[in-house]
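Here the structure is laid out as structure tokens; the discussion comes afterwards.
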Amino acid sequence: MKKFVMLLALLSFACAGPQRFNIYKDKPDPFNAGVEHYSSSPIKLKKTSLSSHSFSFMKLHYTRDNGKNLYYISVYYSGPDWLFIDKLITLTDGKKSVFQNQAKNTGNVDTFFSTVNVSEEGIFFVGKEWFADAEKAKSILVRVRGKNGKIDKKLTPLEVSNIGFFFNHVSRELPAQ
45 MKKFVMLLAL LSFACAGPQR FNIYKDKPDP FNAGVEHYSS SPIKLKKTSL
95 SSHSFSFMKL HYTRDNGKNL YYISVYYSGP DWLFIDKLIT LTDGKKSVFQ
145 NQAKNTGNVD TFFSTVNVSE EGIFFVGKEW FADAEKAKSI LVRVRGKNGK
195 IDKKLTPLEV SNIGFFFNHV SRELPAQ
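Residues in the sequence shown are numbered consecutively from 45, following the numbering used here.
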């Protein structure tokens, strides 16, 4: 039942119109003292409809772990067939960057109204330099590539601007070095 509610919530997000872009800061974790984590609202990568039971989105992340700064993007995919996500490739104003999937366990199989969907996750450490380039970019093309397929998305000017907004916000939160 929990999976059903989660899948229904994700599908309602996937079928909804434009969303407001937000940045979230996690509450301090008593088991991980000194760790701060920020994440963004999802950026849709694939147009979806309720009849397809398929969606894909990415989220921006920043984690400061005892002075170590980690910038990464998480990608989520759900659809009728496996992609076996292995790479995130971006063209940022024509500059190509390739990132390897760092997620260990990337997939699940779910049943939704008698249809079977697979879901996968990818985690890509892109670094501060990628965010700095993206902040100034006019265009960004994203490709989520897997052994069985790919998803391409040209980010809208608003989505590109949101990446810059995320980077600026996180940069202001960093302590002076």
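Ideal Cβ positions, reconstructed from N, Cα and C, are used throughout, including at glycine. All figures in this text were calculated on a predicted structure; none of them were measured in a lab.
Which same chain residues end up closer than 7 Å to residue i when comparing Cβ atoms and leaving out the 5 residues on each side of it in sequence?
i	result
F128	G190, K191 and N192
K137	The amino acid occupying residue 137 in the given sequence is Asp; Lys does not appear at that position. Around D137: A181, K182 and S183.
D177	T136 and K139
F101	P86, I87, K88, L89 and Y120
H213	I67
Report the three-state DSSP secondary structure of residue i (helix, strand or coil).
i	result
V170	coil
G208	helix
K131	strand
S183	coil
F65	coil
L89	strand
F175	helix
N76	coil
Quick one: residues in its chain with C-beta nearer than 6 Å to the C-beta of residue i, no 5 flanking neighbours on either side, listed in chain order?
i	result
V204	A181 and I184
K197	L89 and V186
T38	What the structure shows of the chain is the stretch from 45 to 221, and residue 38 is not part of that stretch, so it cannot be assessed.
Y68	S83
I207	A178
L52	Model confidence at L52 stands at a pLDDT of 44, short of 50, so the residue's coordinates are unreliable; what they give is reported in the following sentence. For L52, where only same-chain residues beyond five positions count, there are no Cβ hits under 6 Å.
Which value, in whole angstroms, describes the spacing of the CA atoms of residue i and residue j?
i	j	result
K103	F75	24 Å
L173	Y115	The question names Leu, yet the displayed sequence has Glu at residue 173. In a straight line, the C-alpha of E173 is about 9 Å away from that of Y115.
N113	S215	11 Å
M50	K71	Model confidence at M50 stands at a pLDDT of 45, short of 50, so the residue's coordinates are unreliable and nothing is read from them.
V160	K194	20 Å
S141	I87	19 Å
V162	I117	20 Å
S122	E217	33 Å
R64	F175	20 Å
G78	K148	25 Å
F209	V188	23 Å
K171	P124	Position check: residue 171 holds Gly in this sequence, whereas Lys was assumed. Their backbone Cα atoms lie some 32 Å apart in a straight line.
A58	S98	With a pLDDT of only 46 at A58, under the threshold of 50, the placement of this residue in the model should not be trusted; the figure read from the coordinates follows. Whole-angstrom Cα-Cα distance: 8 Å.
Look up residue i in the DSSP assignment and give the residues it is bridged to.
i	result
H246	Nothing about residue 246 can be reported from this structure: the residues present for the chain run from 45 to 221 only.
G193	G190
F99	S122
T200	Bridge partners of T200: none, in fact.
K139	T136
Q146	DSSP, once it has assigned bridges, lists no residue as partnering Q146.
Got a sec? Which residues, its chain only, sit under 8 Å from residue i by beta carbon, not counting five neighbours each side?
i	result
Q144	D130, K131 and F168
K46	Confidence is the limiting factor: at K46 the pLDDT is only 43, short of 50, which leaves the residue's position unreliable and the question unanswerable from this model.
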